[in-house]
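There are 4 protein chains.
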Amino acid sequence: MTRPKILLDPHPRPLASIFNAATRKRLDALGDFITHEGSRMPDAMVDAHIADVDLVIGQTRLHADRLVKAKKLRAIIDVETNFTDAIDYDYCFRNGIHVLTPGAAFADAVAESALGMAIDLARGITAADRKMRHGSESYGLDGNVDSFHLMGSAVGLVGYGDLARSLHRLIAPFNCPIKAYDPWVPDYLMQRNGVAPASLDEVLSTSKVIFVFAGVTAENQGFLGRREFGLIRPGSAFLLMSRAAVVDFPVFLEFVGKGRFRAATDVFPVEPVPQGDPVRSIEGLLLSAHRTGGMPEALFDIGRQTVADAELILKGLPPVVCRKAQRETVSRLRSKPIDKT
Amino acid sequence: MTRPKILLDPHPRPLASIFNAATRKRLDALGDFITHEGSRMPDAMVDAHIADVDLVIGQTRLHADRLVKAKKLRAIIDVETNFTDAIDYDYCFRNGIHVLTPGAAFADAVAESALGMAIDLARGITAADRKMRHGSESYGLDGNVDSFHLMGSAVGLVGYGDLARSLHRLIAPFNCPIKAYDPWVPDYLMQRNGVAPASLDEVLSTSKVIFVFAGVTAENQGFLGRREFGLIRPGSAFLLMSRAAVVDFPVFLEFVGKGRFRAATDVFPVEPVPQGDPVRSIEGLLLSAHRTGGMPEALFDIGRQTVADAELILKGLPPVVCRKAQRETVSRLRSKPIDKT
Amino acid sequence: MTRPKILLDPHPRPLASIFNAATRKRLDALGDFITHEGSRMPDAMVDAHIADVDLVIGQTRLHADRLVKAKKLRAIIDVETNFTDAIDYDYCFRNGIHVLTPGAAFADAVAESALGMAIDLARGITAADRKMRHGSESYGLDGNVDSFHLMGSAVGLVGYGDLARSLHRLIAPFNCPIKAYDPWVPDYLMQRNGVAPASLDEVLSTSKVIFVFAGVTAENQGFLGRREFGLIRPGSAFLLMSRAAVVDFPVFLEFVGKGRFRAATDVFPVEPVPQGDPVRSIEGLLLSAHRTGGMPEALFDIGRQTVADAELILKGLPPVVCRKAQRETVSRLRSKPIDKT
Amino acid sequence: MTRPKILLDPHPRPLASIFNAATRKRLDALGDFITHEGSRMPDAMVDAHIADVDLVIGQTRLHADRLVKAKKLRAIIDVETNFTDAIDYDYCFRNGIHVLTPGAAFADAVAESALGMAIDLARGITAADRKMRHGSESYGLDGNVDSFHLMGSAVGLVGYGDLARSLHRLIAPFNCPIKAYDPWVPDYLMQRNGVAPASLDEVLSTSKVIFVFAGVTAENQGFLGRREFGLIRPGSAFLLMSRAAVVDFPVFLEFVGKGRFRAATDVFPVEPVPQGDPVRSIEGLLLSAHRTGGMPEALFDIGRQTVADAELILKGLPPVVCRKAQRETVSRLRSKPIDKT
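Protein chains in written order, with the working numbering: chain A, 1 to 341; chain B, 1 to 341; chain C, 1 to 341; chain D, 1 to 341.
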């Protein structure tokens, strides 16, 4: 029996960043590799091997002209973790080639940080540290005038995908009633998980703590604007954990700046944020430089998910770990990455 | 049947701070009240009523001279939440008078904050916010050089009382292996709760995140000193959540200042901390002005616990909610308060 | 320092039944022992040593005449697990002698069985096995005409002590709304645990599955009688897990026999049940010969609890594991054992 | 905009058995229906409408000759819950037609019963009831000679699909170490769920309680035979919850009959089991007439899952609730149903 051939083209991720030693060993055992690191694999190199390849790991350009030659190809796993224009998805769907991404690898890292930030906003942790450094702190009860317990507070989730579900697991002991809005997830699934399905307006207007996990699609850019921010109850906490493009960012900053609600954000319309940008000094805003997902452990999980599904696929079984590109939605997601780096 | 007589002497806590409307209504239904607010109840007022009183709620002075007259007294509930020298405990033990304090009322508030601070130290939340305000932030992976996941990290608890157990409930979904040191709690109880009993040295030397919840007793002042801090692994996180007196504070600051480990503290040897105290500018220290416990909701829980046990006691049943003064330990606790605010 | 003296008088339990090897080793390390097995320790033997004893483990007769000589005695731990007339409790309370029993050792064993029996009644497991042995089974949907899901069903607890709390932990993933009735437990504690406090009538009339865990006291014999059984909704499941004396047993059997509700019982007014007793052939009754608690593992837990508290007591610390005799309730419990063998 | 057309052909399930009132209302709102009940929809009726149909709900014959006319068809949802030969799967895969089945609807019903039966085998519940009816019961400890605690026992899962995961959720508070064998599920997924992946031999030889949830495939018939049963430790409990064909049934009965291990089975090679079949009188076997899954509530869940995905599909979104037929495995599953009832 011939060993499978695997094209390994992980750029922009160094292999060592996504495969730890144990995972690398399992990867190496899968077959024979055509590997290129440090840049996108050169076209000539791809073309020389594509006809023999069982599996592509990477963001290799795979339009129809190449795919027609890839008679043995069973799956493409994008370890950069986005569904980009590099692939002819329709060809893949018609020909039974799985297109996968281990994007959920970031979910636990983001969720842990999101919970920490939610407690921070509720209890004023960073703000109180700053006051103490400035010599303006208050002690005990006086220091908690604006604090509230996260425990028992009404939580709202905008987006109920992998990030939200990881957060939900972590926040479970806080006994918070949880509502979620996600037009791609049926009530049935939310209710099974103990979450109340709700409209966006209901989530915004009835929650004390609002987590935004919704990725950007072709349709939802800026869907949180002046009208929506106006629905949020004064004194609530709003955490933007996904993409800056889902909010009208200037309006968002206006509301936080006026103290209408407190907020945390991990994302900004332009990154790095320009020096001197007023966002850097808003008192009620907890600032995070797009760093909630990018943890070494999360990257190693990209490798683990990749190998787990690769092992199944090469045994002739369907993948069950990575996200699958879906005929109905891939074009809506394609325009912009939805996952955290 | 005559209605019970209750002496209500809540100073230094205003009644409205510990009894919300619903609890106050249940309290009022319990009997007839002799009430004094705004200062300690005057001696004459206590003496005029003590012979008829079934229950004392407060920190009223109750030495033997008064207690011998209190023939009907069944319980004393100290709503300031400390066992102080105001009471002749031996007399109470001999005569079946319960001495109680709803000190666990602060446990959830402290635990929620402690978890938030632990995530903060692990993921660098406050430090990253500060860097972004100073214009020196790093993005993505580069911003997480010193970060680690709390999920799965080895957790050590110094003290396994109410605070630790509340923290344990909240941290359960993080799948952290947990060790605890508490000379007053048997292995049996820890193991039943899924915690590994350990020596102090083992907790310090093997944990990535160390929570100190131990109260001050006559015997343990400064028990965390140079030798003990030396056992903590570099890069760990240390959270002081109980009393400053359990650590050698200057040595503690020395270790954190040198970057040996990162830390958070809610308590200080002198409060308020003097302006200009160098503690205010230690980079690796998360500062909290004795505010993790003093939440309005925690104070209302003092009232709820008080009424719950008072209702039982006046029905001739034993109290089951508040902490009970114990013959063996009350004198060790008495010298100094062990509860938060 | 002299080693503590411990009087070990475990009858009617053989030492080997309550102390496994590991626990026995810890026990032996506690001090010097005066031990008698196989029968109650002879009076002369007790009298010869009582003046020097720090701790009694057993159901030794300790009336005032003996206790006055027991100047060093700090605690009595009854490993038969009942508070009997053998002890002068008032003397103990006045003199700070703890009277303890590791009765909660049976809680997990009873709870596991209770959950199994509840699923059995809901889903008809034993009844369906019997039908199949008799050749009268029905398949699939037809075999489930009288079945209901325990998951999501309204659960009622009569008694909210150790047994009920163990059951509550095991049944948590079934997402059942739970109400409890227990006049000795305040609403506060139930609500903290996620249980709705309710009157006995409400528990009986609104629950689909009713667990009776209440022990017998001086006051509650036969408190579940014709009126109470009449409140139970047709088709419900009723599980008697504590003592036969809390129900009017003939009336109970009448209701089950008529098919008014289905039931399980672990206890009977006379044990062993006479041969030919009609209780043995009631179709809707799941029969258990007082065997839900008496598991070897539960008995070893008696030993573990005993040693855990003995260790604390001999170090001068208060016990925290065993149940403590309480001034207010011990006389009500004393008349009859409340724990499972 | 034209309303979607839905072909509703639910035979052999009556509509009222799978759609409760609330679900039926949501179903009816989805579009215009071509409905046939009581038998398979006549060919002429299917042919008359297939060209206009957006969705088929049922086990309608859909070979290539029909599918080529079904230009608008987006999905087929088989509410009988098996992937049968009625469909040309390759055509569907190539043309982006989802083939779905709400088979996981039975998972909770089976899991609840499986847990009840596992406690039954561990604690001897049905056997003890039978003894008491026969007048041969033993009381207390004597009645538990063969009993063991499920709590803490080593659990093995053969098959880690929906049934196993539901069981896992229910058994979580029992603190059992769990191993699982499933060649279609990667280690990664099991480990994330807190289950240790293991070989079949390891699961069989190291578990005290073994649940068989594996469905029948083209490859695994009779994979539990003499060699495998020989690996099971004496005194263990073995529960057959999926299909009789996965075990060598006579050998299975031989082992149970000799008392080598105790067992429960919900399935039999021939159903109904013939009168007089010796299986009906094996002492150590808990008998269940294929009734663990077929609960009314489980059937209504078929309806809910169907409507949840139908709503998504008709909005142009991918289904996320039902199981999807997979190119790699559907032919292996097709030969025989794998779901209950």
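Each residue gets a CB set at the ideal place from its N, CA and C atoms; glycine is no exception. Predicted model, so just to flag it, every value in this text is computed and none were measured.
Where the beta strand (DSSP E) containing residue i begins and where it ends
i	result
Leu285/D	285-287
Leu55/A	55-58
Ala75/B	75-77
Ile349/A	Residue 349/A lies beyond the stretch modelled for chain A, which goes from 1 to 341, so this question has no answer here.
Ala245/A	Looking at the DSSP string, Ala245/A is not in any beta strand (DSSP E), and its letter there is neither H nor E.
Val158/B	155-158
Thr265/B	262-265
Backbone CA spacing between residue i and residue j [nearest angstrom]
i	j	result
Ala244/A	Asp65/A	36 Å
Ala318/C	Asn175/A	Per the sequence shown, the amino acid found at residue 318/C is Pro instead of Ala. Cα to Cα, the separation comes out at about 33 Å.
Ser281/C	Ala109/B	55 Å
Asp78/C	Asp47/C	18 Å
Pro14/C	Arg304/D	57 Å
Gly230/C	Ala127/A	60 Å
Val307/D	Arg40/D	21 Å
His36/D	Leu67/D	19 Å
Val330/B	Thr101/B	12 Å
Lys291/C	Gly116/D	In the sequence under discussion, the amino acid at residue 291/C is Arg, which differs from the Lys named in the question. Cα to Cα, the separation comes out at about 17 Å.
Asn193/C	Asn193/B	16 Å
Leu141/A	Asp301/B	14 Å
Ser153/A	Val209/A	7 Å
Phe83/C	Ala325/C	7 Å
Gly96/A	Arg323/A	15 Å
CB contact check: residue i to chain A, cutoff 8 Å
i	result
Glu311/D	yes
Asn20/B	no
C-beta neighbour in chain C for residue i, strict 8 Å
i	result
Gln305/B	yes
Leu150/B	no
Glu283/B	no
Phe174/D	yes
Ile338/D	In this predicted model, Ile338/D has a pLDDT of only 38, less than 50, meaning its place in the structure is not dependable enough to derive any value.
Ser199/D	no
First and last residue of the uninterrupted alpha helix (DSSP H) at residue i
i	result
Phe352/B	The requested residue 352/B does not occur in the structure, where chain B is confined to residues 1 to 341.
Thr2/D	Taken as a continuous stretch (DSSP letters only), Thr2/D belongs to no alpha helix (DSSP H), as it is neither H nor E.
His168/B	162-171
His134/C	125-134
Thr306/A	296-314
Ile347/C	Because chain C spans 1 through 341 in this model, residue 347/C falls outside it and cannot be assessed.
Asp32/A	First-last for Asp32/A: 32-35, but that is the beta strand (DSSP E), not the alpha helix (DSSP H).
Asp146/A	Run containing Asp146/A: none; DSSP gives neither H nor E here.
His49/B	43-49
Ala21/B	21-28
Residue-chain proximity (residue i, chain B), Cβ-Cβ < 8 Å
i	result
Ser331/C	no
Gln275/A	yes
Tyr139/A	yes
Cβ separation of residue i and residue j, assumed to be a contact under 8 Å, to the nearest whole Å
i	j	result
Phe148/D	Ala122/D	5 Å
Phe213/C	Ser242/C	5 Å
Neighbour flag for residue i against chain D, beta carbons, 8 Å
i	result
Leu286/C	yes
Pro318/A	yes
Gly116/C	yes
Original post:
In chain order, which beta strand (DSSP E) runs of at least 3 residues are fully inside the segment 63-124 of chain D?
Top reply: Given a length threshold of 3 residues, each whole run of the beta strand (DSSP E) inside the segment 63-124 of chain D is given here in chain order: 75-77, 98-101.
Original post:
Hey, which unbroken runs of the beta strand (DSSP E) at 3 residues or more fall wholly within the segment 172-233 of chain A?
Top reply: Complete beta strand (DSSP E) runs here, min 3: 178-181, 209-212.
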